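Using the numbering used here, the first residue of the sequence shown is number 2, and each one after it goes up by one.
A virtual CB, placed ideally from N, CA and C, is assigned to each residue, including glycine.
Computed from a prediction, not measured in an experiment: that's the story for all the values here.
Report on the structure given below.
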Amino acid sequence: MREHPGSLGPPTTNDARQQGHLIHLSPPDVGPLEESYLISALRSGWVAPTGPDLTAFEREMAERLDVPGAVALSSGTAALHLALLALGVGPGHVVVVPTLTFVATANAVAYTGARPVFIDCDPATGNIDVSLLPDLLRQIEQAGKPVGAVLPVDIFGTCADYTALLPICEAAGVPVVEDAAEALGATHKGRAAGSFGAAAALSFNGNKIITTSGGGMLLSHDTTLVERVRFLSTQARLPVPHYEHPEVGYNYRLSNLLAAVGRAQLRRLDQMVSRRRHLRELYAKLFAAVPGVRLLADTDDAANCWLTCLVVDPEQAGWHAAELATHLAGLGIETRPIWKPIHLQPAYLGSAGLLTGAAQRLFETGLALPSGSALTDGQRSMVLETINAFLAARV
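Dropping the structure here:
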C-alpha cells in the first residue's frame, strides 16, 4: 500500500491516547453509500479480482478525467511502475523525478532498473521547478545518458505547471508520466489531474481524496499503452484456455470488491474536495495576519487541497513549525513535516540531480495540517481553536 503523510498511524503522545479524540491528517471518508456498493458486489458473486464493478470503475474514472483508457491496479506505485515499463524504460535509462515527493515515485523508477535523477521544487508550490528542467535535460544528454521519462508529481493536490513543462519535454523527445496520486479532483487550466502526459497514475490509498482501501489506477490517451499495462498487470497471461505467459508479468490488478467501493467514492468526489477546500480557507483566514507564515500553493484555487501545508519562517514568526506540531500532538491532533527530499533519504544518498535547496527548506520549515473531508465540524473547530491558542501565547 502506498503511504503518504496523511496515513493513519498511532497517537504521537501518551496524552493523545488518554484524550481519546485523535484527529488524523486525512482519514478515510466512507459511509452508507460505500457499504451499499460493497454489499451489492459481494452478493453479485463477483468476488474474484475481475468483475463488472472493476470494469465500471475504470470507465467512470476515464469519463470523469476525459481520457479514453484506464486500468485499475493494486496501488499508485504499480501504476507508475507499469507506465514506465510500457514506455520502454529500463536499465541504462535515467528518469527525472522531483526530490520533494513520497519515496514510491522514485522506487517505481528503481523497479524498472532505471536510475532516478532528482530535480528540486518551486518553493511557492512544492511542485517540480520547471525552470530547472531544460538545464537538467541538457546535462543528462551531455553525459550520454538516455532519458526514459520525466515524472512530475502533483504535490499535495496541486497540479504541476504542465503548460510550461509539456513543451520542454516534447522538444526534448522525452515522455511525461504524471504522478497524480494526491491530485484527483484538481485541475490545471481547466484540465483534470490524471490526464496529462503519456500516462498518469492515481492512488486510492486509505488517506487519499477517495479510497478503495488500497489501490490505484493508470490512465492514458494512448489505448495501446493502456492495453499493454492491462496485459502486464494480469501476469502477462494470453487469452487462451491454458495458462500461457510469453513474458514476466505482475499481479497488480485491483479487485472487483475494492472497485465497488471506489465507484461509490467517485460519486462523492466533488463533495469531498469541497470540504477540503473549505478547510484550507479557514486555515488561510487563521494565518492571514501571522508574520512569517504562508500556505503552500496558496494561490491555486484549482487544487483539491488533499493536504493543507504551512511554511513557517521562524525568524519572522518567532516560532518553528515543529513547536506547533508538538502543541497539537499533545491534544491528539496529528501533523506531519512536509516530505523529506528523496535525495536525502538513505536509499538514494549520492544520487545525481539539479538541486537548489528549496525542497530541503520546505522539509525543515513546513507542516501538513489535518485536512480530511471526514473531519467533523467539531473536530475542525478543535484544530482551529488549538492553533489559535498556540498563536495567542506567542504574541
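Cut-off 7 Å between Cβ atoms - residues of its own chain near residue i, not counting five sequence neighbours on either side
i: Phe58; result: Ala73, Ala260, Gly263 and Arg264
i: Glu282; result: none
i: Gly379; result: none
i: Phe297; result: The residue asked about is misnamed: residue 297 is Leu in this sequence, not Phe. Hits under 7 Å: Thr126, Gly127, Phe157, Cys310, Val312 and Gly367.
i: Ala360; result: Thr100, Leu101, Asp121, Cys122 and Pro342
i: Ala375; result: Pro28, Pro29 and Asp30
i: Pro292; result: Gln317 and Ala318
i: Asp136; result: Leu355
Status (buried if at least 16 other CB within 10 Å, exposed otherwise) for residue i
i: Val96; result: buried
i: His344; result: buried
i: His94; result: buried
i: Pro371; result: buried
i: Lys190; result: exposed
i: Asp299; result: buried
i: Ala49; result: exposed
i: Thr159; result: buried
i: Gln172; result: Going by the sequence as given, residue 172 is Ala instead of Gln. Flag for Ala172 reads exposed.
i: Val241; result: exposed
i: Pro6; result: Low local confidence applies: a pLDDT of 39 at Pro6 is under 50, so the model's placement there is unreliable, and no value is given.
i: Ala290; result: exposed
i: Asp302; result: exposed
Beta-carbon spacing of residue i, residue j below 8 Å
i: Thr100; j: Leu356; result: yes
i: Ala63; j: Leu220; result: yes
i: Gly195; j: Ser75; result: no
i: Gly77; j: Ala202; result: yes
i: Ala107; j: Tyr284; result: no
i: Val154; j: Thr102; result: yes
i: Pro176; j: Gly198; result: yes
i: Arg269; j: Leu34; result: yes
i: Arg238; j: Glu245; result: yes
i: Tyr253; j: Ala393; result: no
i: Gly70; j: Val178; result: no
i: Ala105; j: Leu85; result: no
i: Gly333; j: Leu23; result: yes
i: Leu88; j: Gly174; result: no
i: Leu55; j: Leu233; result: no
i: Val90; j: His222; result: no
i: Val274; j: Ile210; result: yes
Helix, strand or coil at residue i according to DSSP, with G and I counted as helix
i: Asn252; result: strand
i: Ala200; result: strand
i: Met383; result: helix
i: Glu365; result: helix
i: Pro347; result: helix
i: Arg3; result: Only weak support exists for where Arg3 lies, its pLDDT of 36 falling under 50; the value from the coordinates is given anyway. DSSP places Arg3 in coil when its eight states are reduced to three.
i: Thr13; result: Residue placement at Thr13 is poorly supported in this model, since its pLDDT is 36, which falls under 50; the coordinates still yield a value, given next. It is coil, neither helix nor strand.
i: His94; result: coil
i: Glu183; result: coil
i: Ala150; result: strand
i: Ala71; result: strand
i: Ala260; result: helix
i: Thr188; result: strand
i: Gly77; result: helix
i: Pro99; result: strand
i: Gly319; result: coil
i: Ser221; result: strand
i: Ile339; result: coil
i: Val110; result: helix
i: Arg268; result: helix
Contact set for residue i: own chain, Cβ-Cβ below 6 Å, skip 5 residues either direction
i: Glu335; result: His25 and Leu26
i: Glu316; result: none
i: Val131; result: Asp162, Ala165 and Leu166
i: Thr377; result: none
i: Val118; result: Val95, Val97, Ala353 and Gly354
i: Ala390; result: none
i: Ser204; result: Arg3, Gly77, Ala182 and Gly217
i: Cys170; result: Val151 and Val177
i: Ala193; result: Leu66
i: Pro1; result: Absent from the structure is residue 1, since the part of the chain shown begins at 2 and ends at 396.
i: Cys306; result: Gly158, Arg277, Arg278 and Arg281
Endpoints, alpha helix (DSSP H) assigned at residue i
i: Thr164; result: Tyr163 to Ala173
i: Ser37; result: Pro33 to Ser45
i: Val291; result: No alpha helix (DSSP H) holds Val291; DSSP gives it neither H nor E.
i: Phe232; result: Thr224 to Ser234
i: Ile120; result: Not the alpha helix (DSSP H): Ile120 falls in the beta strand (DSSP E), residues Arg116 to Ile120.
i: Phe58; result: Pro53 to Leu66
i: Glu142; result: Leu134 to Gln143
Residues near residue i in its chain [Cβ-Cβ closer than 8 Å; skip 5 each side]
i: Leu133; result: Ile120, Asp121, Leu355 and Thr357
i: Arg231; result: Val72
i: Gln236; result: His246, Gly250, Tyr251 and Asn252
i: Leu43; result: Leu258
i: Leu325; result: Leu311, Val313, Thr336, Leu368, Ile388 and Phe391
Beta strand (DSSP E) segment containing residue i, residue limits
i: Gly216; result: First-last for Gly216: undefined, no H or E at that position.
i: Leu311; result: Thr309 to Val313
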